[in-house]
(Lines of atoms letter the chains of each structure in order from A and count residues from 1; the text may use other names and numbers.)
(Lines give C-alpha, C1' and ligand atoms only; values in the text may rest on other atoms or scores of the structure.)
Protein backbone atom coordinates (compact mmCIF):
# COMPACT_ATOMS: atom_id res chain seq x y z
CA UNK A 1 0.00 0.00 0.00
CA UNK A 2 1.58 3.22 -1.20
CA UNK A 3 0.64 6.29 0.86
CA UNK A 4 3.23 8.70 -0.60
CA UNK A 5 1.70 12.18 -0.09
CA UNK A 6 4.78 14.29 -0.98
CA UNK A 7 3.11 16.00 -3.98
CA UNK A 8 -0.03 16.72 -1.96
CA UNK A 9 2.00 18.18 0.94
CA UNK A 10 4.14 20.20 -1.49
CA UNK A 11 0.99 21.62 -3.11
CA UNK A 12 -0.51 22.57 0.27
CA UNK A 13 2.78 24.24 1.28
CA UNK A 14 2.80 26.20 -2.01
CA UNK A 15 -0.84 27.30 -1.42
CA UNK A 16 0.03 28.49 2.10
CA UNK A 17 3.07 30.50 1.00
CA UNK A 18 1.88 31.78 -2.38
CA UNK A 19 1.78 35.60 -2.82
CA UNK A 20 -0.14 37.93 -5.07
CA UNK A 21 2.42 37.87 -7.90
CA UNK A 22 2.66 34.09 -7.55
CA UNK A 23 -1.07 33.87 -8.15
CA UNK A 24 -0.77 36.14 -11.17
CA UNK A 25 2.28 34.64 -12.87
CA UNK A 26 2.75 31.17 -11.22
CA UNK A 27 -0.70 29.76 -12.07
CA UNK A 28 0.74 27.11 -14.44
CA UNK A 29 3.02 25.77 -11.70
CA UNK A 30 0.10 25.69 -9.20
CA UNK A 31 -2.03 23.88 -11.81
CA UNK A 32 0.67 21.17 -12.29
CA UNK A 33 1.04 20.75 -8.51
CA UNK A 34 -2.76 20.46 -8.18
CA UNK A 35 -2.78 17.67 -10.79
CA UNK A 36 -0.01 15.79 -8.92
CA UNK A 37 -1.83 16.29 -5.58
CA UNK A 38 -5.10 15.00 -7.13
CA UNK A 39 -3.22 11.91 -8.34
CA UNK A 40 -1.88 11.25 -4.79
CA UNK A 41 -5.36 11.81 -3.32
CA UNK A 42 -6.86 9.35 -5.83
CA UNK A 43 -4.20 6.80 -4.83
CA UNK A 44 -5.08 7.24 -1.14
CA UNK A 45 -8.80 6.86 -1.87
CA UNK A 46 -8.11 3.71 -3.96
CA UNK A 47 -5.96 2.21 -1.16
CA UNK A 48 -8.68 3.01 1.38
CA UNK A 49 -11.32 1.33 -0.77
CA UNK A 50 -9.06 -1.75 -1.18
CA UNK A 51 -8.57 -1.90 2.61
CA UNK A 52 -12.32 -1.62 3.20
CA UNK A 53 -12.93 -4.42 0.68
CA UNK A 54 -10.28 -6.61 2.40
CA UNK A 55 -11.85 -5.94 5.80
CA UNK A 56 -15.26 -6.85 4.42
CA UNK A 57 -13.90 -10.14 3.07
CA UNK A 58 -12.21 -10.91 6.40
CA UNK A 59 -15.42 -10.08 8.26
CA UNK A 60 -17.35 -12.49 5.96
CA UNK A 61 -14.71 -15.21 6.55
CA UNK A 62 -14.83 -14.59 10.32
CA UNK A 63 -18.61 -14.80 10.32
CA UNK A 64 -18.45 -18.13 8.42
CA UNK A 65 -15.90 -19.53 10.87
CA UNK A 66 -18.03 -18.37 13.83
CA UNK A 67 -21.05 -20.13 12.33
CA UNK A 68 -19.01 -23.33 11.83
CA UNK A 69 -17.80 -23.08 15.43
CA UNK A 70 -21.36 -22.66 16.71
CA UNK A 71 -22.45 -25.68 14.69
CA UNK A 72 -19.52 -27.73 16.06
CA UNK A 73 -20.42 -26.65 19.59
CA UNK A 74 -24.06 -27.64 19.06
CA UNK A 75 -23.01 -31.03 17.62
CA UNK A 76 -20.69 -31.54 20.57
CA UNK A 77 -23.51 -30.72 22.99
CA UNK A 78 -25.78 -33.19 21.20
CA UNK A 79 -23.15 -35.92 21.32
CA UNK A 80 -22.49 -35.18 25.04
CA UNK A 81 -26.22 -35.56 25.64
CA UNK A 82 -26.26 -38.87 23.75
CA UNK A 83 -23.25 -40.11 25.74
CA UNK A 84 -25.03 -39.13 28.93
CA UNK A 85 -28.07 -41.06 27.89
CA UNK A 86 -25.91 -44.08 26.98
CA UNK A 87 -24.21 -43.88 30.36
CA UNK A 88 -27.59 -43.85 32.06
CA UNK A 89 -28.58 -46.86 29.96
CA UNK A 90 -25.40 -48.66 30.94
CA UNK A 91 -26.03 -47.86 34.59
CA UNK A 92 -29.55 -49.22 34.31
CA UNK A 93 -28.21 -52.31 32.56
CA UNK A 94 -25.58 -52.77 35.26
CA UNK A 95 -28.21 -52.47 37.99
CA UNK A 96 -30.31 -54.97 36.15
CA UNK A 97 -27.33 -57.31 35.82
CA UNK A 98 -26.69 -56.98 39.58
CA UNK A 99 -30.32 -57.72 40.25
CA UNK A 100 -30.24 -60.66 37.97
CA UNK A 101 -26.98 -61.91 39.53
CA UNK A 102 -28.40 -61.64 43.08
CA UNK A 103 -31.52 -63.38 42.01
CA UNK A 104 -29.56 -66.01 40.08
CA UNK A 105 -29.14 -68.35 42.99
CA UNK A 106 -32.77 -68.07 43.93
CA UNK A 107 -34.15 -68.42 40.48
CA UNK A 108 -31.79 -70.59 38.46
CA UNK A 109 -34.76 -71.83 36.72
CA UNK A 110 -35.68 -68.33 35.91
CA UNK A 111 -32.13 -67.74 34.67
CA UNK A 112 -32.29 -70.68 32.46
CA UNK A 113 -35.60 -69.55 31.22
CA UNK A 114 -34.20 -66.17 30.67
CA UNK A 115 -30.76 -67.23 29.37
CA UNK A 116 -31.63 -66.19 25.94
CA UNK A 117 -32.69 -62.81 27.32
CA UNK A 118 -29.40 -62.49 29.20
CA UNK A 119 -27.44 -63.35 26.06
CA UNK A 120 -29.41 -60.75 24.24
CA UNK A 121 -28.74 -58.21 26.95
CA UNK A 122 -25.02 -59.12 26.90
CA UNK A 123 -25.02 -58.59 23.17
CA UNK A 124 -26.74 -55.24 23.70
CA UNK A 125 -24.22 -54.39 26.41
CA UNK A 126 -21.35 -55.22 24.08
CA UNK A 127 -22.85 -53.14 21.37
CA UNK A 128 -23.40 -50.26 23.81
CA UNK A 129 -19.80 -50.55 25.04
CA UNK A 130 -18.54 -50.35 21.49
CA UNK A 131 -20.77 -47.37 20.89
CA UNK A 132 -19.54 -45.78 24.13
CA UNK A 133 -15.93 -46.32 22.99
CA UNK A 134 -16.78 -44.86 19.62
CA UNK A 135 -18.51 -41.92 21.27
CA UNK A 136 -15.43 -41.36 23.45
CA UNK A 137 -13.18 -41.28 20.37
CA UNK A 138 -15.59 -38.94 18.64
CA UNK A 139 -15.66 -36.76 21.74
CA UNK A 140 -11.84 -36.55 21.71
CA UNK A 141 -11.82 -35.67 18.01
CA UNK A 142 -14.48 -33.00 18.58
CA UNK A 143 -12.44 -31.64 21.52
CA UNK A 144 -9.36 -31.51 19.29
CA UNK A 145 -11.37 -29.82 16.52
CA UNK A 146 -12.83 -27.39 19.09
CA UNK A 147 -9.31 -26.53 20.27
CA UNK A 148 -8.18 -26.04 16.67
CA UNK A 149 -11.23 -23.90 15.91
CA UNK A 150 -10.63 -21.92 19.11
CA UNK A 151 -7.00 -21.21 18.02
CA UNK A 152 -8.19 -20.26 14.52
CA UNK A 153 -10.84 -18.00 16.02
CA UNK A 154 -8.20 -16.45 18.29
CA UNK A 155 -5.88 -15.85 15.30
CA UNK A 156 -8.74 -14.46 13.24
CA UNK A 157 -9.80 -12.25 16.16
CA UNK A 158 -6.23 -10.97 16.52
CA UNK A 159 -6.00 -10.32 12.77
CA UNK A 160 -9.42 -8.64 12.91
CA UNK A 161 -8.16 -6.36 15.72
CA UNK A 162 -5.06 -5.53 13.67
CA UNK A 163 -7.24 -4.80 10.64
CA UNK A 164 -9.55 -2.68 12.80
CA UNK A 165 -6.54 -0.67 14.05
CA UNK A 166 -5.21 -0.29 10.49
CA UNK A 167 -8.72 0.58 9.28
CA UNK A 168 -9.05 3.23 12.01
CA UNK A 169 -5.66 4.68 11.04
CA UNK A 170 -6.63 4.61 7.37
CA UNK A 171 -9.95 6.21 8.28
CA UNK A 172 -8.12 8.98 10.14
CA UNK A 173 -5.77 9.48 7.17
CA UNK A 174 -8.78 9.47 4.87
CA UNK A 175 -10.56 12.04 7.04
CA UNK A 176 -7.40 14.20 7.08
CA UNK A 177 -7.08 13.86 3.31
CA UNK A 178 -10.75 14.68 2.88
CA UNK A 179 -10.33 17.77 5.09
CA UNK A 180 -7.24 18.80 3.13
CA UNK A 181 -9.09 18.08 -0.12
CA UNK A 182 -11.96 20.27 1.09
CA UNK A 183 -9.48 23.03 1.92
CA UNK A 184 -7.86 22.61 -1.49
CA UNK A 185 -11.26 22.83 -3.18
CA UNK A 186 -12.03 25.99 -1.19
CA UNK A 187 -8.65 27.48 -2.08
CA UNK A 188 -9.11 26.39 -5.70
CA UNK A 189 -12.53 28.06 -5.73
CA UNK A 190 -10.99 31.19 -4.22
CA UNK A 191 -8.19 31.11 -6.80
CA UNK A 192 -10.75 30.77 -9.57
CA UNK A 193 -12.65 33.73 -8.13
CA UNK A 194 -9.41 35.71 -7.89
CA UNK A 195 -8.56 34.73 -11.46
CA UNK A 196 -11.99 35.87 -12.66
CA UNK A 197 -11.59 39.11 -10.71
CA UNK A 198 -8.11 39.58 -12.15
CA UNK A 199 -9.42 38.97 -15.68
CA UNK A 200 -12.26 41.41 -15.11
CA UNK A 201 -9.85 43.95 -13.62
CA UNK A 202 -7.45 43.40 -16.55
CA UNK A 203 -10.30 43.93 -19.00
CA UNK A 204 -11.38 47.10 -17.18
CA UNK A 205 -7.77 48.32 -17.11
CA UNK A 206 -7.41 47.67 -20.84
CA UNK A 207 -10.63 49.56 -21.49
CA UNK A 208 -9.46 52.46 -19.28
CA UNK A 209 -6.04 52.36 -20.96
CA UNK A 210 -7.64 52.43 -24.39
CA UNK A 211 -9.79 55.34 -23.30
CA UNK A 212 -6.75 57.19 -21.92
CA UNK A 213 -4.81 56.39 -25.10
CA UNK A 214 -7.60 57.76 -27.23
CA UNK A 215 -7.78 60.85 -25.04
CA UNK A 216 -3.99 61.33 -25.22
CA UNK A 217 -4.11 60.80 -28.99
CA UNK A 218 -6.85 63.41 -29.32
CA UNK A 219 -4.98 65.82 -27.06
CA UNK A 220 -1.76 65.13 -28.99
CA UNK A 221 -3.51 65.78 -32.30
CA UNK A 222 -5.02 68.94 -30.88
CA UNK A 223 -1.63 70.00 -29.51
CA UNK A 224 0.07 69.31 -32.86
CA UNK A 225 -2.62 71.28 -34.63
CA UNK A 226 -2.27 74.16 -32.17
CA UNK A 227 1.53 73.99 -32.52
CA UNK A 228 1.26 74.06 -36.29
CA UNK A 229 -1.07 77.03 -36.10
CA UNK A 230 1.29 78.72 -33.64
CA UNK A 231 4.22 77.97 -35.97
CA UNK A 232 2.33 79.39 -38.91
CA UNK A 233 1.43 82.47 -36.87
CA UNK A 234 5.04 82.79 -35.68
CA UNK A 235 6.36 82.56 -39.23
CA UNK A 236 3.82 85.13 -40.34
CA UNK A 237 4.99 87.48 -37.61
CA UNK A 238 8.63 86.70 -38.46
CA UNK A 239 8.04 87.54 -42.10
CA UNK A 240 6.27 90.70 -41.08
CA UNK A 241 9.14 91.56 -38.73
CA UNK A 242 11.77 90.78 -41.37
CA UNK A 243 9.94 92.81 -44.04
CA UNK A 244 9.91 95.83 -41.72
CA UNK A 245 13.39 95.13 -40.32
CA UNK A 246 15.25 97.78 -42.37
CA UNK A 247 12.86 100.51 -41.39
CA UNK A 248 12.85 99.39 -37.72
CA UNK A 249 16.68 99.44 -37.62
CA UNK A 250 16.80 102.93 -39.10
CA UNK A 251 14.25 104.20 -36.56
CA UNK A 252 16.18 102.55 -33.68
CA UNK A 253 19.55 103.99 -34.78
CA UNK A 254 18.11 107.47 -35.31
CA UNK A 255 16.51 107.32 -31.86
CA UNK A 256 19.83 106.25 -30.26
CA UNK A 257 21.74 108.95 -32.11
CA UNK A 258 19.32 111.56 -30.89
CA UNK A 259 19.48 110.17 -27.37
CA UNK A 260 23.29 110.05 -27.15
CA UNK A 261 24.06 113.01 -29.41
CA UNK A 262 25.69 111.03 -32.19
CA UNK A 263 25.71 112.40 -35.73
CA UNK A 264 23.49 110.42 -38.14
CA UNK A 265 24.58 110.85 -41.78
CA UNK A 266 21.64 110.92 -44.14
CA UNK A 267 23.59 111.24 -47.40
CA UNK A 268 27.08 109.73 -47.43
CA UNK A 269 29.90 111.49 -49.34
CA UNK A 270 31.35 108.22 -50.70
CA UNK A 271 30.29 105.72 -53.31
CA UNK A 272 27.56 103.33 -52.24
CA UNK A 273 24.28 103.57 -50.37
CA UNK A 274 24.48 101.96 -46.88
CA UNK A 275 21.29 101.70 -44.83
CA UNK A 276 22.59 103.68 -41.84
CA UNK A 277 25.79 105.67 -41.35
CA UNK A 278 27.10 107.38 -38.17
CA UNK A 279 29.92 109.88 -37.86
CA UNK A 280 32.16 108.89 -34.92
CA UNK A 281 35.78 110.00 -34.49
CA UNK A 282 35.65 111.67 -37.91
CA UNK A 283 34.95 108.26 -39.48
CA UNK A 284 31.82 106.94 -41.12
CA UNK A 285 30.56 103.84 -39.30
CA UNK A 286 28.27 101.70 -41.45
CA UNK A 287 25.28 99.83 -39.94
CA UNK A 288 23.61 97.76 -42.67
CA UNK A 289 20.27 96.03 -41.95
CA UNK A 290 20.12 92.41 -43.11
CA UNK A 291 17.15 90.02 -42.87
CA UNK A 292 16.23 86.62 -44.42
CA UNK A 293 14.46 86.68 -47.74
CA UNK A 294 12.14 83.77 -46.82
CA UNK A 295 11.10 81.64 -43.84
CA UNK A 296 13.94 79.19 -44.61
CA UNK A 297 16.93 80.23 -42.46
CA UNK A 298 19.31 77.54 -43.71
CA UNK A 299 20.70 79.83 -46.41
CA UNK A 300 20.85 82.93 -44.20
CA UNK A 301 24.47 82.34 -42.94
CA UNK A 302 25.71 81.97 -46.55
CA UNK A 303 23.85 85.15 -47.49
CA UNK A 304 25.54 87.08 -44.63
CA UNK A 305 28.96 85.72 -45.61
CA UNK A 306 28.45 86.82 -49.22
CA UNK A 307 27.29 90.28 -48.12
CA UNK A 308 30.28 90.54 -45.73
CA UNK A 309 32.68 90.01 -48.62
CA UNK A 310 30.86 92.59 -50.70
CA UNK A 311 31.04 95.09 -47.82
CA UNK A 312 34.63 95.72 -48.89
CA UNK A 313 33.23 98.43 -51.18
CA UNK A 314 32.52 100.53 -48.07
CA UNK A 315 35.73 99.74 -46.19
CA UNK A 316 38.04 100.87 -49.04
CA UNK A 317 36.39 104.30 -49.15
CA UNK A 318 38.17 107.21 -47.51
CA UNK A 319 37.17 108.08 -43.93
CA UNK A 320 35.06 104.89 -43.60
CA UNK A 321 35.71 102.69 -40.54
CA UNK A 322 36.91 99.21 -41.51
CA UNK A 323 34.64 97.69 -38.85
CA UNK A 324 31.24 97.28 -40.49
CA UNK A 325 28.13 96.14 -38.63
CA UNK A 326 25.31 93.98 -40.00
CA UNK A 327 22.15 94.41 -37.93
CA UNK A 328 19.93 91.28 -38.05
CA UNK A 329 16.58 90.40 -36.39
CA UNK A 330 17.02 88.98 -32.90
CA UNK A 331 14.97 85.88 -33.72
CA UNK A 332 17.51 84.76 -36.36
CA UNK A 333 20.47 84.49 -33.95
CA UNK A 334 19.90 80.76 -33.32
CA UNK A 335 20.45 79.97 -37.00
CA UNK A 336 23.94 81.52 -36.98
CA UNK A 337 27.23 80.12 -35.72
CA UNK A 338 29.64 82.80 -37.06
CA UNK A 339 29.13 86.38 -35.87
CA UNK A 340 32.44 87.91 -36.96
CA UNK A 341 33.76 87.80 -40.51
CA UNK A 342 37.39 88.88 -40.72
CA UNK A 343 39.07 89.86 -43.98
CA UNK A 344 42.38 91.43 -44.85
CA UNK A 345 40.91 94.89 -45.47
CA UNK A 346 37.85 94.94 -43.19
CA UNK A 347 35.89 93.17 -40.47
CA UNK A 348 32.15 92.57 -40.42
CA UNK A 349 30.28 92.11 -37.12
CA UNK A 350 26.81 90.51 -37.08
CA UNK A 351 24.75 92.02 -34.23
CA UNK A 352 21.07 91.99 -33.17
CA UNK A 353 18.96 95.09 -32.84
CA UNK A 354 19.12 95.20 -29.05
CA UNK A 355 22.95 95.33 -29.20
CA UNK A 356 22.96 98.66 -31.08
CA UNK A 357 22.97 100.89 -28.02
CA UNK A 358 26.00 99.33 -26.19
CA UNK A 359 28.01 99.23 -29.44
CA UNK A 360 27.24 102.86 -30.30
CA UNK A 361 28.12 103.88 -26.72
CA UNK A 362 31.41 101.98 -26.88
CA UNK A 363 32.29 103.65 -30.18
CA UNK A 364 31.36 107.02 -28.68
CA UNK A 365 33.56 106.23 -25.65
CA UNK A 366 36.51 105.65 -27.98
CA UNK A 367 35.84 109.07 -29.44
CA UNK A 368 36.04 110.57 -25.99
CA UNK A 369 39.50 108.95 -25.47
CA UNK A 370 40.81 109.42 -28.96
CA UNK A 371 43.99 110.96 -27.73
CA UNK A 372 45.86 109.60 -24.74
CA UNK A 373 46.94 113.10 -23.84
CA UNK A 374 43.35 113.88 -22.85
CA UNK A 375 43.49 111.21 -20.09
CA UNK A 376 44.64 112.18 -16.64
CA UNK A 377 47.72 110.36 -15.24
CA UNK A 378 45.50 108.60 -12.72
CA UNK A 379 43.11 107.36 -15.45
CA UNK A 380 45.99 106.11 -17.57
CA UNK A 381 47.49 104.29 -14.55
CA UNK A 382 44.14 102.66 -13.71
CA UNK A 383 43.67 101.51 -17.31
CA UNK A 384 47.19 100.09 -17.46
CA UNK A 385 46.72 98.36 -14.09
CA UNK A 386 43.48 96.71 -15.18
CA UNK A 387 44.90 95.62 -18.54
CA UNK A 388 48.06 94.28 -16.89
CA UNK A 389 46.00 92.38 -14.33
CA UNK A 390 43.91 90.83 -17.11
CA UNK A 391 47.05 89.83 -19.01
CA UNK A 392 48.66 88.31 -15.91
CA UNK A 393 45.55 86.33 -14.94
CA UNK A 394 45.08 85.08 -18.49
CA UNK A 395 48.67 83.83 -18.73
CA UNK A 396 48.56 82.35 -15.23
CA UNK A 397 45.33 80.52 -16.08
CA UNK A 398 46.93 79.15 -19.25
CA UNK A 399 49.94 78.01 -17.21
CA UNK A 400 47.82 76.26 -14.54
CA UNK A 401 45.54 74.65 -17.11
CA UNK A 402 48.57 73.37 -19.03
CA UNK A 403 49.98 71.86 -15.83
CA UNK A 404 46.75 70.05 -14.98
CA UNK A 405 46.31 69.00 -18.62
CA UNK A 406 49.73 67.36 -18.50
CA UNK A 407 48.88 65.61 -15.20
CA UNK A 408 45.54 64.35 -16.58
CA UNK A 409 47.25 63.02 -19.73
CA UNK A 410 49.85 61.19 -17.61
CA UNK A 411 47.06 59.76 -15.44
CA UNK A 412 45.16 58.57 -18.54
CA UNK A 413 48.30 56.82 -19.86
CA UNK A 414 48.89 55.29 -16.41
CA UNK A 415 45.30 53.93 -16.34
CA UNK A 416 45.77 52.27 -19.74
CA UNK A 417 49.11 50.79 -18.67
CA UNK A 418 48.36 49.66 -15.07
CA UNK A 419 44.65 48.72 -14.97
CA UNK A 420 43.66 45.08 -15.68
CA UNK A 421 42.19 44.48 -19.11
CA UNK A 422 38.64 43.70 -17.96
CA UNK A 423 38.52 46.73 -15.64
CA UNK A 424 40.01 48.94 -18.38
CA UNK A 425 37.30 47.80 -20.84
CA UNK A 426 34.61 48.62 -18.26
CA UNK A 427 36.23 52.03 -17.66
CA UNK A 428 36.25 52.70 -21.43
CA UNK A 429 32.55 51.79 -21.63
CA UNK A 430 31.71 54.21 -18.82
CA UNK A 431 33.94 56.83 -20.47
CA UNK A 432 32.00 56.51 -23.71
CA UNK A 433 28.69 56.77 -21.85
CA UNK A 434 29.75 59.85 -19.89
CA UNK A 435 28.89 63.34 -21.13
CA UNK A 436 30.39 66.56 -19.80
CA UNK A 437 28.29 69.61 -20.57
CA UNK A 438 29.94 72.91 -19.63
CA UNK A 439 27.73 76.00 -19.35
CA UNK A 440 26.53 77.15 -22.76
CA UNK A 441 27.60 80.64 -23.79
CA UNK A 442 24.88 82.62 -25.52
CA UNK A 443 25.31 85.66 -27.64
CA UNK A 444 24.24 89.07 -26.36
CA UNK A 445 23.94 87.74 -22.80
CA UNK A 446 26.17 89.21 -20.13
CA UNK A 447 27.63 87.06 -17.33
CA UNK A 448 26.94 88.88 -14.03
CA UNK A 449 29.79 88.98 -11.52
CA UNK A 450 27.34 88.48 -8.65
CA UNK A 451 26.19 85.19 -10.20
CA UNK A 452 29.80 84.01 -10.65
CA UNK A 453 30.63 84.93 -7.06
CA UNK A 454 27.54 83.12 -5.77
CA UNK A 455 28.41 80.00 -7.78
CA UNK A 456 32.01 80.09 -6.50
CA UNK A 457 30.83 80.41 -2.89
CA UNK A 458 28.46 77.46 -3.37
CA UNK A 459 31.29 75.31 -4.81
CA UNK A 460 33.53 76.19 -1.84
CA UNK A 461 30.78 75.21 0.62
CA UNK A 462 30.22 71.87 -1.17
CA UNK A 463 33.96 71.16 -1.10
CA UNK A 464 34.20 72.06 2.60
CA UNK A 465 31.21 69.78 3.35
CA UNK A 466 33.06 66.88 1.68
CA UNK A 467 36.21 67.51 3.72
CA UNK A 468 38.20 69.25 0.97
CA UNK A 469 40.41 72.02 2.35
CA UNK A 470 40.27 75.19 0.24
CA UNK A 471 42.59 77.88 1.56
CA UNK A 472 42.59 80.72 -0.94
CA UNK A 473 45.56 82.44 0.70
CA UNK A 474 47.77 79.32 0.60
CA UNK A 475 46.73 78.52 -2.96
CA UNK A 476 47.41 82.09 -4.05
CA UNK A 477 50.80 82.10 -2.31
CA UNK A 478 51.78 78.75 -3.87
CA UNK A 479 50.70 79.83 -7.35
CA UNK A 480 52.52 83.11 -7.00
CA UNK A 481 55.71 81.20 -6.19
CA UNK A 482 55.52 79.49 -9.58
CA UNK A 483 57.53 81.44 -12.20
CA UNK A 484 55.47 82.81 -15.10
CA UNK A 485 58.40 83.85 -17.32
CA UNK A 486 61.79 82.30 -17.98
CA UNK A 487 64.66 83.74 -16.00
CA UNK A 488 67.40 85.64 -17.75
CA UNK A 489 69.82 82.78 -16.96
CA UNK A 490 67.64 80.36 -18.90
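In the working numbering, the protein residues as written are 3 to 492.
Even for Gly, the Cβ is constructed at its ideal location relative to N, Cα and C.
Item: Meets three-Cβ-pair contact criterion under 8 Å: the stretch 332 to 339 and the stretch 299 to 306; Value: yes
Item: CB contact flag (residue 151, residue 74, <9 Å); Value: yes
Item: Segments assigned alpha helix (DSSP H), at least 4 residues, entirely inside the stretch 208 to 291; Value: 247 to 262
Item: Cβ pair count under 8 Å reaching 3, the stretch 162 to 171 against the stretch 77 to 92; Value: no
Item: Of the listed residues 263, 366, 250 and 432, nearest to residue 285 (C-alpha basis); Value: 366
Item: Contact set for residue 183: own chain, Cβ-Cβ below 7 Å, skip 5 residues either direction; Value: 43
Item: First through last residue of the beta strand (DSSP E) which encompasses residue 329; Value: 325 to 330
Item: As assigned by DSSP and simplified to three states, the class of residue 354; Value: strand
Item: Any 3 or more C-beta pairs closer than 8 Å across the stretch 342 to 350 and the stretch 318 to 327; Value: yes
Item: Residue 334 and residue 271 closer than 9 Å at C-beta; Value: no
Item: Identity of the residues DSSP links to residue 344 by a beta bridge; Value: 349
Item: Whole-angstrom C-beta distance between residue 64 and residue 158, which should lie under 8 Å; Value: 5 Å
Item: Span of the alpha helix (DSSP H), counted from its first residue to its last, around residue 2; Value: Any answer about residue 2 is impossible in this case: the structure gives the chain only from 3 up to 492.
Item: Reduced DSSP category for residue 437 - H, G, I as helix; E, B as strand; rest coil; Value: coil
Item: DSSP bridge partner residues for residue 322 (one or two, in chain order); Value: 286
Item: The stretch 177 to 195 touching the stretch 10 to 18, judged by at least three CB pairs closer than 8 Å; Value: yes
Item: Residue 149 beta carbon less than 9 Å from that of residue 71; Value: no
Item: Residue from 359, 204, 418 and 30 with nearest C-alpha to residue 263; Value: 359
Item: Per-residue DSSP class, three states only, for residue 299; Value: coil
Item: Cβ neighbour criterion (16 or more within 10 Å) applied to residue 193; Value: buried
Item: Which of helix, strand or coil DSSP assigns to residue 18; Value: helix
Item: The alpha helix (DSSP H) enclosing residue 466, as first and last residue numbers; Value: 451 to 467
Item: Distance CB(residue 289)-CB(residue 342) smaller than 9 Å; Value: no
Item: DSSP-derived helix/strand/coil call for residue 293; Value: coil
Item: Residues of its chain near residue 417, where Cβ-Cβ distance is below 8 Å and the 5 sequence neighbours each way are ignored; Value: 426 and 429
Item: From 175, 209 and 257, residue whose alpha carbon lies closest to that of residue 46; Value: 175
Item: Alpha-carbon to alpha-carbon, residue 420 and residue 465; Value: 29 Å
Item: Nearest candidate by alpha-carbon position, reference residue 281, set 307, 60, 320 and 309; Value: 320
Item: Integer Cβ distance of residue 92 from residue 130, believed to fall under 8 Å; Value: 6 Å
Item: Per-residue burial, residue 292 [other beta carbons within 10 Å of its own, 16 or more giving buried]; Value: buried
Item: Counted within 10 angstroms of its Cβ, other Cβ atoms place residue 356 as buried (16 or more) or exposed; Value: exposed
Item: Rounded C-alpha distance that separates residue 136 from residue 98; Value: 24 Å
Item: Euclidean distance between Cα positions of residue 391 and residue 258; Value: 34 Å
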